[in-house]
Structures are given as C-alpha cells and as structure tokens.
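Residue numbers (this note's numbering): 23 to 148. For each residue, glycine too, the CB sits at the ideal point set by N, CA and C.
#1: With distances taken from CA atoms, which of 94, 65 and 55 is nearest residue 75?
#2: Tell me, to the nearest whole angstrom, how far the beta carbon of residue 90 is from that of residue 115; I am working on the premise that it is less than 8 Å.
#3: My guess is that residue 53 and residue 39 are in contact by the Cβ rule of under 8 Å, so how many angstroms apart are they, rounded?
#4: Output the boundary residues of the alpha helix (DSSP H) element that contains residue 103.
#5: Give a yes or no on whether the minimum CB-CB distance between residue 72 and chain B is below 8 Å.
#6: Decide if the segment 67 to 85 is in contact with the segment 44 to 53; the criterion is three or more beta carbon pairs, one per stretch, under 8 Å apart.
#7: Buried or exposed, going by whether 16 or more other CB atoms sit within 10 Å of the CB of residue 137?
#8: Please identify the residue among 70, 105 and 111 whose C-alpha is closest to the C-alpha of residue 86.
#9: Can you give me the Cβ contacts of residue 107 inside the same chain, cut-off strictly under 6 Å, excluding the 5 residues immediately before and after it?
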C-alpha cells in the first residue's frame, strides 16, 4: 500500500475552487483588481463587491471600445484593429471622446477634417 487512498478520498469530497471572476461570469480579473485597490491606498478598507463591480464596468467599456473599433476597421476594409481604428472609434463617439479627451493614442493620427471655406465652390451649370 502506498498510503494515498485517504488523499484521493479527500480530493473527491473537496469542491473545485472557483475564482471570483468565474463566479461573476467576467473576463477581467476580480482578484487582481482587488489587490491593486488594496495596494493603491485608495481607502483603508475595500468591500467585497467593489472589485467585482469595477471589473464589470471595465469589461463593459473595453467591449464597447472594441466594438466601435471593429466597425471602424471594417469600414476601412481591414480585418485587424490598429491604433488608428481605436482613435477613429473614440473620437467619433461623443461620450468616449469626453471621457478620453486628455488621452493621446500612439500612432492614432488625427480625425479627417477639412473646413468648408477651403472646399471648392460649386458652380451652377445652365
């Protein structure tokens, strides 16, 4: 006998541990966000629901930006999202533009904008 029978029985009875991200059905890491909140000295105490809520909000914002950037990439007939597509998606959306107004995206470029006075005048052909 190797004496491993008891350990096998204990492991069968013990439930598989589930991460907090898995319990909340989230992709973003709840445990890491909780650790960063504690480490950042934002408050002396961090509630159990705060990192879950913050992870859900961050995941929603990331999904929203990726959807808009994917649309911008598809409009440019590209399959891969590049920083230019992120820039176009964020700057063309009013709320994201306000939220990220002070953010500079590397290799994002600028929005195409030609002032009306610089455009050629239309002539009426009779």
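The answer reads as follows:
#1: 55
#2: 6 Å
#3: Contact doesn't hold; Cβ gap of about 12 Å is too wide.
#4: Taken as a continuous stretch (DSSP letters only), residue 103 belongs to no alpha helix (DSSP H), as it is neither H nor E.
#5: In the structure shown, chain B does not exist; there is a single protein chain.
#6: yes
#7: exposed
#8: 111
#9: 91, 94 and 95
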